[in-house]
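Q: With mature numbering (1 follows the signal peptide of the UniProt record, and there is no 0) as the guide, the letters of the sequence shown map in order to residues -19 to -1, 1 to 154.
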Amino acid sequence: MKTHVLALALALTPAVTTAGPEAFSTGPLIKNYGMIAEVPEAAALPADTDFKVAIDVVEGGVEGELNGKFKTAASLINLLSASGVPADRIEVGLVIHGPAYRDLLVDSAYGGDNPNAELIAALQAHGATFYYCGQSAVYHDVRTEDLLPGVAVTLSATITHATLQQQGYALRP
């Protein structure tokens, strides 16, 4: 009897898409980054909702590779867009501090080609804002001219997170 009940329960349970890594592709806005997968069973997102997300970035990328949190931001933007959320209702703020500072540097300060530069520019082109902790800048002796274009230096990461929270941003640690 238990076997029949279990079989019936499994048959009536909606299947979750499980296609593996090959099901992922880049999304509609950030073409070369931000892998996402379609999940037909997922509930629809309300298109009239404003999505404001702050992403804390403290870990730097492995030398020569993309920063994982920057890729997360690209996936978030692509996923929301693919789900029907208009681009003007998506706001992503990345708060960078600690060892992650290297991923914000121009090539000359990075010591070679910064693999994150193109992704940062693509994220900025789709409304993402990069906030760099001024305390970290002083600690690591980073000058404004060492930073990629469009990176905003703030007083501190903690104050930036508090400010973004007051502006309605949800924290994505």
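By construction, the Cβ of each residue, glycine as well, lies at the ideal position given by its N, Cα and C atoms.
The structure presented is a predicted model; accordingly, all values stated were derived computationally and were not measured.
Going along the chain, which residues of its own chain have a beta-carbon closer than 6 Å to the beta-carbon of A103, five neighbours each way excluded?
A: Against the sequence shown, residue 103 aligns to sequence position 122. These residues qualify, in order along the chain: I11.
Q: To test your reading of the DSSP string, which unbroken alpha helix (DSSP H) runs of 4 or more residues are found completely within the segment 54 to 134?
A: Counting only runs of 4 or more residues that sit fully inside the segment 54 to 134, the alpha helix (DSSP H) segments are 88 to 91, 98 to 106, 115 to 120, in chain order.
Q: When DSSP labels each residue in this structure, what does T141 get in the three-state scheme?
A: Counting from one through the sequence shown, the residue named residue 141 turns up at place 160. Residue state, collapsed to three classes: helix.
Q: Please list the terminal residues of the continuous beta strand (DSSP E) segment that includes A35.
A: Working through the sequence shown from its first residue, we reach residue 35 at position 54. Residues 32 to 38.
Q: Since I believe I58 is in contact with H107 (beta carbons under 8 Å), could you give me their beta-carbon distance rounded to a whole number of angstroms?
A: For the purposes of this step, residue 107 is taken as the residue at position 126 of the sequence shown. For the purposes of this step, residue 58 is taken as the residue at position 77 of the sequence shown. The Cβ separation is near 6 Å, so the contact holds.
Q: Is it right to say A68 is buried, meaning 16 or more other beta carbons lie within 10 angstroms of its own, or is it exposed?
A: Taking the first residue of the sequence shown as position 1, residue 68 is located at position 87. Exposed: under 16 other Cβ atoms inside 10 Å.
Q: I'd like to check one pair, A54 with A109: are the Cβ atoms closer than 8 Å?
A: Within the sequence shown, the letter at position 128 stands for residue 109. Within the sequence shown, the letter at position 73 stands for residue 54. In contact: A109 and A54 (Cβ atoms closer than 8 Å).
Q: Under three-state DSSP, which class holds A4?
A: Position 23 of the sequence shown holds residue 4. Helix.
Q: Is the CB-CB distance between E46 and P96 below 8 Å?
A: Indexing the sequence shown from 1 puts residue 46 at position 65. Indexing the sequence shown from 1 puts residue 96 at position 115. Going by C-beta atoms, E46 is nearer than 8 Å to P96.
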